[in-house]
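The structure under discussion appears below in the form of structure tokens.
Chains as they are written, first to last, in this note's numbering: chain A, 1 to 346; chain B, 1001 to 1346; chain C, 2001 to 2346; chain D, 3001 to 3346.
Written as structure tokens, this is what we have:
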């Protein structure tokens, strides 16, 4: 931590800051500049609330030196990447670039079965579908709950696709964990820390979406809640951030891919459906994601988007998915990765 | 809802949209323009997922006409404002502009008692303090839990100040509701819909903070979750939004005050502490809030900010609060409101 | 400047950074931490491109210590504030809070005369009106040019109000400077550095609007372009920033008032018309601005907003202005400032 | 244009809106809904200031139906794309994906020659380099001016690479146009409309960068300034937008590629250097851009970034560029485009 003093800060104020730093268990080192003085705090500041020093008299600002997360940091695993397996043919963090696809909501038994078959036929590697839905509007469809989980399990049974489904509150975690191969935490729950902890306390991998206004630092700090409870299998997911842009529902920030890979060992998946909000932009952004080095994709596909119960505007059709998957395979190859149908895997 | 067709949309595509609209239980009316055709959907679209129409062939975009909330809308109460009473001397939505003040966290029994006395002496009308803390960093202090609630109750006992404290997960709602005079839902839980529902199902008023990347529409929609469960006493709270600005932790958007009062009957409180993140900016923004017509303030005050367990950087000292309260009283008067010490109330 | 090395940076890499720092004419000081090493650069970094050090091997990030402006900084004037006089009764930076008001565009001779009379009658202290308009759309009305300037001068002649008008390109500066009492640089030209320089090379004060996506640091750096050319009379103006909010055209960031007053000696004016984009939000935000300590206001007023040639949606009527001015007078008094009609000045 | 009336708007207010619409030369059509009334305005609203209607009594809000640009719209060219040729081997808008590369500034004669050779050797198709630099800080290096243009011309002479260079003020346009093969308008001048007009009045193509807080609508409207003056050769360029993210200097919004191609016939180039601000993120984002369908790239390359006079932090080295170009070639092929060295073109 670097504490920048105001121009003209007194000796007493500098001493005050040094005392505060020592009270925090850190060492201090003073640097006298031409215009002002800076006090460096030496030691592990990651567990400290650095901002508090800003309240001390004579302080202008405080700058962190160390990123405020540990388990998620790449140094922790000596640059080795975490590999997370949902099934034999759906592995994140390796050469493969798996595609999780399916409808926003599980709409019914027949419907999700049909979706699963279409996903598999198009070349997808996992099935997504919401049984518990966090809806912006209280009057909207909120999902089929446990029945939806059973329908998903039936679809897995038939197709062999592992299932990824959202959990929205701590008390549902155990139930969802029984059915799902991977629990999803949505953007609206990105800082629902009790939910993060609960997901850290169960054995299934977690697809943890970035909050729509989270910085990368805040995102990895929050992921730390899951890791710190003992679950090492966290798949990160960029799904668009909130900006002034109005041609998309969110702005998909693809630079998160190389940045997260630079800082963390966790795999990173891109969701171009929520990341744009418009089906017509999904294929281009999916291709861009793979080229940028993403470790996977999460995509909304619906056999009849105009009649989807939720998120129809951003759901691609099975025909579009099929064509897109062919492109993704070619691009993956061009960046020395692999994105092929399960039936064509070697 | 207005559906804008693409230039050159076919008769068949227009018919398709009309069918979709009717399937939604709405009526359609076609407007043929010089460059393109528009289909208006007539009826109550508030309960509908309008975006889905965007998936229909030939559609360019869909624009909502009605705001997507009902109970929170000002029309619902025929322009009358909701008045919420935490105590005889702390009433939101009337002439009074109450100030909720106190430390970010309940740090200990003596500490919170001291804070309560200082708040009362400075002229505050309610005591805030966190017993359950949602912290960005998993290694930070997470609050004293039920013990903290008991300490708050003791402080109320002595000073008579009603207490406002945060609840972070549905399973704690009943417990917090027993102790608190008003439950706070924080910005990180702004779309934790299960928590909103739980708070809608208990009798105490709710101080519901705006999410840091929520639009006003989304905010009122989410408030609807609480109202729809039967709790009419929701106090809205603007606490800063996430923008590109870096001189503050958040950008306090004061235009939310007149805008929310234009759209909703619910009282609106401003939190200039989180809204700026720096103690030195708090008094100016508190004054601005009262001048803009805010129905109350929520402020972090700490007897020794540099040693606060949480949020010290944005906590003002008792001395600053005292001076600020005098200014607020004068400004309130200038806008025909009232912000005075309990002992000076008529 | 603080250079943070990557964990595991080699001795050679640290030496490389030290060499770079010395090549920049600064001194270096190494701080060896528990997890990583930091190199501090001592000396006046304000004239240096610090970011370049980021390219050196082993560097993780670079953090500036000194703000990158000098003449605009409050230290430069030993905490004294700059006072700028447009006329005897319109002075920025002192006790008075002058209000600049008028239509977006000078629409015609009779029209601007009528506006000037209405501004004066309502209690305004200066007249605004655009003769050269930077319009988002090339097909929109672009202003009356020099004829417009003459109309403004005639309005000044009759009412005694000083005139503030925009200049959009360097080659017009001399002309506008002949007529205007104060040149305005709009948000779209906030980093049109050639225009800033040209305005720095003429004798009239400059009302310099913040860019809609400028940080405070960037804003003061750009103001430095005007100051560095020898013109010390720069009035800063916050007019709303670009954020995700959609209930306003921009988000008026009032914390800019105390922040700019903390960092700079230049007066700061608020424009609640562009800052919100909706006439109905203007009075509340004008009041908030005065309470926050603003040194003046710039407001769009039009006798018939629905027929205004430009910006009608955000123009208040003379009747609304009159009522608002009474409120502003009361609020100014409550913060020990003054905002009264010229005829009532002592 | 759709005018939404407030609930309870009177007949007289509705009539007022109808009159306003007719005064604008448009036709009106009233749609009576269950909760409120809407008035549609029929006709070409693109040349109208729709927002003004918001000022009329009883109006809640106004929504545009038609995008506010014409010449830039894809319908104008019946879905045909504009093809822009800087040289025989550098063509934007076709199968080829040309790469413009070079240093931020022209630093000297030998330097720019060396850069040109390196660009060519690595496989670049055009040389960039600034002779006139718009710098955030007035004390920074501002470019070599006309001398810089001569150095660029000499580099073209030797290597055959066409040159792209920035122009920052209208009075320089003629001069820059004499030397350059393509004029660049930077993000800070995105709404310097006099400069846009001047560039519309000279014969060379224009590389026109998106403003860092411009919506796509505003961007195409502003491009219209160049087109409307008679210059059809505008190359669009996304270079990052201003958001809350702090791990990059800007957020590169790649969805601009498919969106701009959906709305406009103009080619779109991506600048991953400014779009991220960090050299280490450039190759991943360049690859993503090509996969998303970009029509070209603009990249900062410097032989010795740590000693670059400007923008060193975001400049890649020749070695990195060489490797990146090989990847880009493979990805271009995977999306049926082409990005190869001039010497390997068929």
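We treat Cβ as the ideally placed atom computed from N, Cα and C, and that holds for glycine. These numbers were taken from a predicted model, which means no experiment stands behind them.
Span of the alpha helix (DSSP H) holding residue i?
| i | result |
| --- | --- |
| residue 23 of chain A | 11-23 |
| residue 1290 of chain B | 1282-1292 |
| residue 133 of chain A | Residue 133 of chain A -> no alpha helix (DSSP H), and no H or E assigned at all. |
| residue 1150 of chain B | 1146-1159 |
| residue 2323 of chain C | 2318-2334 |
Could you check where the beta strand (DSSP E) with residue i kicks off and where it finishes?
| i | result |
| --- | --- |
| residue 344 of chain A | No beta strand (DSSP E) contains residue 344 of chain A, which DSSP labels as neither H nor E. |
| residue 3027 of chain D | 3027-3032 |
| residue 1112 of chain B | Here residue 1112 of chain B belongs to no beta strand (DSSP E); instead the alpha helix (DSSP H) covers 1109-1122. |
| residue 3173 of chain D | Run containing residue 3173 of chain D: none in the beta strand (DSSP E); it sits in the alpha helix (DSSP H), 3173-3179. |
| residue 2055 of chain C | Neither: residue 2055 of chain C is in no beta strand (DSSP E) and is coded neither H nor E. |
| residue 87 of chain A | 84-87 |
| residue 1006 of chain B | Taken as a continuous stretch (DSSP letters only), residue 1006 of chain B belongs to no beta strand (DSSP E), as it is neither H nor E. |
| residue 97 of chain A | Here residue 97 of chain A belongs to no beta strand (DSSP E), and DSSP marks it neither H nor E. |
| residue 2296 of chain C | 2296-2300 |
| residue 184 of chain A | 182-185 |
| residue 2106 of chain C | No beta strand (DSSP E) holds residue 2106 of chain C; DSSP gives it neither H nor E. |
| residue 2128 of chain C | 2126-2128 |
Note down, in chain order, every chain A residue with its Cβ under 8 Å from the Cβ of residue i.
| i | result |
| --- | --- |
| residue 1121 of chain B | Result: empty, since nearest Cβ-Cβ is about 21 Å, beyond 8 Å. |
Mind pulling the chain A residues with CB within less than 7 Å of residue i?
| i | result |
| --- | --- |
| residue 2995 of chain D | Nothing in the structure corresponds to residue 2995 of chain D, since chain D is present only between 3001 and 3346. |
| residue 2075 of chain C | 7 |
| residue 1310 of chain B | 49 |
| residue 3292 of chain D | 284, 285, 287 and 288 |
Starting from residue i, find everything on chain B with Cβ-Cβ shorter than 9 Å and list it in chain order.
| i | result |
| --- | --- |
| residue 2215 of chain C | 1244, 1245, 1246 and 1247 |
Following a CB-centred definition, is residue i positioned closer than 8 Å to any heavy atom of the ligand NAD?
| i | result |
| --- | --- |
| residue 2340 of chain C | The ligand NAD is not part of the structure shown, which contains no ligands of any sort. |
At 7 Å on the CB atoms, spell out the chain B contacts of residue i, in chain order.
| i | result |
| --- | --- |
| residue 2281 of chain C | 1255, 1258 and 1259 |
| residue 324 of chain A | None at all; the shortest Cβ gap to chain B is about 16 Å. |
| residue 2319 of chain C | Neighbours of residue 2319 of chain C on chain B: none; closest Cβ ~18 Å, over 7 Å. |
| residue 221 of chain A | 1136 and 1137 |
| residue 2055 of chain C | Within chain B, no residue comes near residue 2055 of chain C; the closest Cβ sits about 23 Å away, beyond 7 Å. |
Using a cut-off of 8 Å between C-beta atoms, extract the partners of residue i located in chain D.
| i | result |
| --- | --- |
| residue 2193 of chain C | 3134, 3135, 3138, 3168 and 3188 |
Would you mind telling me which residues of chain D sit closer than 7 Å to residue i, beta carbon to beta carbon, in chain order?
| i | result |
| --- | --- |
| residue 1066 of chain B | 3035 |
Using the beta-carbon of each residue, which ones in chain D are nearer than 9 Å to residue i?
| i | result |
| --- | --- |
| residue 1151 of chain B | By Cβ distance, chain D contributes nothing, its closest Cβ being about 36 Å from residue 1151 of chain B, past 9 Å. |
If the cut is a Cβ gap below 9 Å, which residues of chain C does residue i touch?
| i | result |
| --- | --- |
| residue 1315 of chain B | Chain C residues near residue 1315 of chain B: none, gap ~17 Å exceeds 9 Å. |
Could you check whether the segment 2313-2323 of chain C touches the segment 2062-2078 of chain C, counting it as contact only if at least three pairs of C-beta atoms, one from each stretch, sit closer than 8 Å? no
So within the segment 1199-1259 of chain B, which uninterrupted beta strand (DSSP E) runs reach at least 3 residues, ignoring any that extend past its ends? 1206-1209 and 1234-1238
Report yes or no: do three or more beta-carbon pairs, one from the segment 323-336 of chain A and one from the segment 288-295 of chain A, lie closer than 8 Å? yes
Would you check if there are 3 or more beta carbon pairs closer than 8 Å linking the segment 1082-1096 of chain B to the segment 1039-1057 of chain B? no
Quick one: which residues of the segment 1013-1026 of chain B get their C-beta closer than 7 Å to a C-beta of chain A? List them in chain order. 1020
Count the C-beta pairs between the segment 2189-2199 of chain C and the segment 2143-2153 of chain C that are closer than 8 Å, then say yes if the count reaches three, no if not. No: the two stretches stay apart, fewer than three of their Cβ pairs being nearer than 8 Å.
Would you check if the segment 3099-3119 of chain D and the segment 3252-3260 of chain D touch, i.e. whether three or more CB-CB distances between them fall below 8 Å? no
If contact means a Cβ-Cβ distance below 7 Å, which residues of the segment 1252-1265 of chain B contact chain A? none
For the segment 2136-2145 of chain C and the segment 3222-3229 of chain D, state whether three or more C-beta atom pairs, one from each stretch, are separated by less than 8 Å. yes
Residues in the segment 2030-2049 of chain C with C-beta within 8 Å of chain A's C-beta atoms, listed in sequence order? 2031, 2032, 2033, 2034, 2035, 2036, 2038, 2040, 2042, 2043 and 2044
Determine, using beta-carbon pairs with one atom in the segment 234-242 of chain A and one in the segment 267-282 of chain A, whether at least three such pairs fall under 8 Å. yes
Does the count of Cβ pairs from the segment 3117-3132 of chain D and the segment 3087-3099 of chain D closer than 8 Å reach three? yes
Could you tell me whether the segment 2024-2033 of chain C touches the segment 2059-2067 of chain C, using the rule of 3 or more Cβ pairs below 8 Å? no
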